[in-house]
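Beneath this line is the structure, given in structure tokens, with notes to follow.
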Amino acid sequence: MNLVIMIPFLAAVLIPILIKRKSPIHIGWPVFLVPAALFVILARYIPSIANGETYLNTMKWIPSFDIDFTTYFDGLSLIFGLLITGIGSLVILYSIYYLSSEESLQHFYIYLLLFMGSMLGVVFSDNLMVLYVFWELTSISSFLLIAFWFHRKRSRYGAQKAMLITVSGGLAMLTSFIMIYLMTGTMSIREIIAVVDIDHPLFIPALVLLLVGAFTKSAQFPFHIWLPDAMEAPTPVSAYLHSATMVKAGIYLVARFTPIFGGGELWFWLVTGVGIVTLFWGSFTAVRQTDLKALLAYSTISQLGLIMSLLGIGSISMHMGSSMEAVVFTQATFAGLFHLINHSTFKGALFMVVGIIDHEIGTRDIRRLGGLMSFMPVSFTIAMIGSFSMAGLPPFNGFLSKEMFFTAVLNISQLDFFALGTWGVLIPVIAWIASIFTFVYSMIIVFKTFLGTSRLETGDRKVHEAPVGMLISPGILAALVLAVFFFPNIVGDYLLRPAMAGIFPSLADKVELSQHISIWHGFNAEILMTIGVIAFGSLLYKYMRRWKGVFTLFLASWSFDALYNNMLLRLESGSSGFTRFYMTGVLRDYLLYIYVFFILAVGGSLFMTGAFSIDPIHQAPVRLYEWVIILVMMAAGIAVPFVKTRVTAILLNGVLGYGMAALFVIFRAPDLALTQIVVETVTTALFLLCFFFLPKWESGRAKAAPRIKSINLLISISVGAIFVMTALSVQSGKLFNTISGFFEKADELTGGKNIVNAILGDFRAFDTMLEVVVLFIAGIGVFTLTKLKLGKGGKNVEDQ
């Protein structure tokens with residue numbers, strides 16, 4: 001599987017080469033071969049995976065941190081792998097006819113392949129850190145895809161919003177992974193399942209943070225706000241990322257970690273509760289939308305909530321042990337995975353049809369559409385199949401998984417633990433109401449878009465059916481919607497049951513015997529709920545004008561979007577104010593920050609730890625002529641801030657350098673002394689040369705206030721004192737043998753007779769090279785300053 005993950009990345013690298021050769025073949029066709037080939041490769045594993053086999057492959061990466069590139073291929077990852085490659089193939093085929101040749105196709109397909117490889121990495125990774133790397137790569141590549149039309153302000157806004165929310169959730173997930181590693185001592189998900197301790201104090205925080213990451217990626221309430229704005233992406237991106245793949249990453253994470261965290265009350269209520277609320281809010285909000293893609297965005301949010309709630313309900317089986325009653329509740333997870341597949345088929349088809357409408361007519365505004373059936377019969381047929389499946393009507397696959405959803409919520413309401421005896425009755429009620437709104441917005445897609453009279457204006461484009469190439473992909477998905485309804489157990493036996501074995505390993509044998517999909521169960525409570533959905537949904541759709549005013553009660557200023565925008569504005573204004581506070585443009589202030597931080601961080605920590613320890617017993621005596629040199633250097637250093645001319649300041653600075661050279665001579669280091677003299681002479685000359693071309697020293701400039709001078713003096717003394725005390729403490733408390741003994745072997749190690757030259761040229765040659773580079777850059781800067789011609793007032797002549 002490692003190669004399967006890397007193939008899209010390698011293909012993305014090859015795309016620029018294909019473009020340069022100016023092949024007459026559309027770039028989309030060779031790109032199409034990548035996911036198509038990967039789909040075939042993965043499909044070949046279906047029989048063996050269905051027989052219970054799993055595949056593990058490990059490559060060493062960072063073994064010292066227990067990070068290996070380990071892939072684990074089982075039934076759960078197989079479902080997602082087939083969706084990623086299968087839907088990806090159809091999306092690329094669709095994009096060949098959808099996108100104009102004038103678009104930056106090279107970038108589009110590179111971003112798409114990067115996303116594809118990242119998603120495959122997420123679902124196949126067994127190592128927590130590797131999974132996180134690919135997880136964030138999906139956020140980055142989706143950002144690039146959403147902002148593909150970067151000249152549009154809304155595209156840039158949607159990309160930024162999606163990235164901020166999903167990456168923030170990813171950081172929460174990373175924190176959870178670190179906690180899990182601290183609890184278990186392993187990065188392998190398979191090993192974690194066997195050794196996790198539910199009583200560990202980090203168990204609950206890790207659980208919550210993991211779900212934050214999953215909820216943000218799968219657009220669960222209240223993190224759902226990024227998905228509608230992400231619809232500014234091209235329709236192929238929306239069909240791929242926001243119906244079949246990226247938004248399903250959070251679903252995969254919850255399913256994969258159910259054996260670790262599932263079975264507890266907190267996991268059940270968070271996953272189920274957030275899912276049910278998301279289901280209702282997404283379906284309710286979708287009804288008010290006037291843009292077809294916005295409607296599909298909220299419908300996607302709603303359907304993701306349905307799947308999430310099913311995974312939460314199914315996790316309760318782990319609380320019941322290995323009884324057959326527990327197996328009954330695994331049906332909920334089975335239904336969730338089934339609906340995940342069904343949703344990818346009908347929602348992918350609907351996104352592509354909406355893209356066709358926008359491409360051929362130039363608008364997605366429902367208020368301007370209508371009567372398209374006679375002009376676009378094929379698109380109408382595909383839209384009807386997708387919409388009716390989403391509404392949960394027969395004979396479409398959405399009907400089967402929706403009936404299983406009703407069964408799950410009815411069963412869960414009968415339990416008397418986890419406070420379900422009190423609150424459990426609300427779950428089927430909310431689910432049923434949400435299904436009514438799902439029926440309503442599904443009818444809006446069909447009837448307000450394709451039936452009735454056309455509301456297009458005379459200036460709009462001429463309505464016509466899309467080219468055959470654009471209809472192939474949604475047509476295949478619509479055919480799958482019907483095929484799965486009539487042959488559901490092919491999907492159940494070869495895909496869903498193996499995936500269930502990965503989620504509930506302790507119940508694998510019983511699950512395999514119990515899971516069966518039936519088209520008809522007779523007149524039971526579930527079918528009565530469906531009839532009620534159709535009846536009430538039809539009434540709500542017919543009299544929509546009378547009750548749609550209820551949406552005006554939900555003020556835009558109180559929405560989560562407004563909360564996000566206000567928070568972002570406050571962060572921007574706050575950061576701008578803070579930046580203006582410390583970015584004063586005054587060099588003294590910047591030096592003040594540095595030195596104060598140094599005093600507090602270094603001096604404070606050394607004092608608090610008692611590291612200052614001066615022992616004068618072992619210090620060498622300071623002789624009279626050494627005191628003379630030191631006093632001269634001190635006098636020069638003190639005098640520098642008080643002189644009136646630059647030349648005097650430079651000469652005093654030179655006294656410090658030449659004094660240091662004199663000390664090197666006294667300490668029997670003639671080479672260092674010579675180097676110091678040469679450097680000091682050159683730098684002094686450069687200072688004089690630079691200052692010659694600078695504006696004249698303004699003798700009448702404003703003098704610093706006494707308070708500022710006092711602060712400068714205090715900071716200067718503090719910094720100097722800390723340096724001296726640190727040096728004396730280091731000299732007094734030697735914990736290790738001096739390294740000078742090693743350098744004394746320079747003749748033996750390097751063949752050099754001069755220790756200083758050996759150190760500079762051999763032991764630290766790399767540092768010496770970088771120092772030369774720094775001096776070279778400084779020389780270029782000095783040369784530039786000497787060529788700078790200044791006019792009156794010190795302004796650049798060229799800028800006047």
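Going by full-length UniProt numbering, the sequence shown runs without a break in its numbering and finishes at 800. Even for Gly, the Cβ is constructed at its ideal location relative to N, Cα and C.
Does the separation of the CB atoms of residue i and residue j fall below 8 angstroms?
i: Ile-146; j: Ala-244; result: no
i: His-339; j: Ile-301; result: no
i: Gly-502; j: Gly-75; result: yes
i: Thr-54; j: Phe-69; result: no
i: Glu-136; j: Gly-170; result: yes
i: Ala-11; j: Asp-493; result: no
i: Leu-310; j: Thr-285; result: no
i: Ile-356; j: Arg-364; result: no
i: Ile-110; j: Ile-17; result: no
i: Met-187; j: Ile-46; result: no
i: Leu-120; j: Ile-41; result: no
i: Phe-346; j: Gly-398; result: yes
i: Ser-176; j: Ala-206; result: yes
i: Pro-474; j: Val-328; result: no
i: Glu-232; j: Ser-315; result: no
Let me know the secondary structure DSSP gives residue i once reduced to three states.
i: Lys-709; result: helix
i: Ile-715; result: helix
i: Lys-745; result: coil
i: Asn-411; result: helix
i: Asp-291; result: strand
i: Glu-680; result: helix
i: Gln-800; result: Annotation note: pLDDT 40 at Gln-800 (below 50); position unreliable, coordinate value reported separately. Correct three-state label for Gln-800: coil.
i: Asn-524; result: coil
i: Ser-387; result: helix
i: Tyr-45; result: coil
i: Gly-700; result: In this prediction, Gly-700 scores a pLDDT of 46, lower than 50, which makes its location untrustworthy; the coordinate-derived value is nonetheless stated afterwards. Gly-700 falls in the coil class under three-state DSSP.
i: Asn-754; result: coil
i: Phe-334; result: helix
i: Tyr-543; result: coil
i: Ala-535; result: helix
i: Pro-30; result: helix
i: Leu-788; result: coil
i: Phe-581; result: helix
i: Trp-135; result: helix
i: Ala-37; result: helix
i: Met-376; result: coil
Pop quiz: residue i and residue j are said to be a contact at Cβ under 8 angstroms. What is the actual Cβ separation, rounded to whole angstroms?
i: Ile-385; j: Leu-471; result: With 8 angstroms as the limit, Ile-385 and Leu-471 do not qualify as a contact, their Cβ atoms being about 13 angstroms apart.
i: Ile-755; j: Ala-746; result: 5 angstroms
i: Arg-190; j: Asp-126; result: 6 angstroms
i: Phe-221; j: Val-274; result: 6 angstroms
i: Gln-515; j: Gln-331; result: 7 angstroms
i: Ser-401; j: Ala-478; result: With a Cβ gap of about 17 angstroms, Ser-401 and Ala-478 do not count as contacting.
i: Ile-313; j: Ile-412; result: 5 angstroms
i: residue 806; j: Ser-142; result: Since the first residue shown for the chain is 1 and the last is 800, residue 806 is missing from the structure and cannot be characterised.
i: Tyr-181; j: Leu-128; result: 7 angstroms
i: Leu-105; j: Ile-27; result: 5 angstroms
i: Phe-551; j: Arg-288; result: 5 angstroms
i: Ala-649; j: Val-655; result: So it is not a contact: roughly 11 angstroms between Cβ atoms.
i: Leu-148; j: Pro-234; result: The amino acid at residue 148 is misidentified as Leu; the sequence shows Phe. Confirmed, Cβ separation roughly 6 angstroms.
i: Phe-536; j: Ile-436; result: 5 angstroms
i: Arg-455; j: Gly-370; result: 5 angstroms
i: Leu-90; j: Ile-476; result: 6 angstroms
i: Asp-767; j: Thr-750; result: Going by Cβ atoms, the distance from Asp-767 to Thr-750 rounds to 15 angstroms, so no, they are not a contact pair.
i: Val-123; j: Thr-138; result: The pair is not a contact, with the Cβ atoms about 11 angstroms apart (cut-off 8 angstroms).
Tell me the DSSP bridge mates of residue i?
i: Lys-60; result: Asp-68
i: Asp-365; result: Asp-291
i: Asn-127; result: Ser-188
i: Tyr-55; result: Phe-73
- Message: Any contact between the region 81-95 and the region 115-123? By contact I mean 3 or more CB pairs, one from each, below 8 angstroms.
- Response: Contact between the region 81-95 and the region 115-123 is established, with three or more Cβ pairs separated by less than 8 angstroms.
message = Assess contact between the region 338-353 and the region 274-287, defined as three or more Cβ pairs (one per stretch) separated by less than 8 angstroms. Is contact present?
response = With a cut-off of 8 angstroms, the region 274-287 and the region 338-353 do not count as touching, because too few Cβ pairs lie within range.
Is it a yes or a no for the region 516-530 touching the region 399-409, going by three-plus beta-carbon pairs under 8 angstroms? yes
- Quick check: the region 430-441 against the region 374-383, are there 3 or more CB pairs under 8 angstroms? no
Item to complete: Taking 8 angstroms as the threshold, find out whether the region 702-721 comes into contact with the region 582-601 through three or more Cβ pairs.
Response: yes
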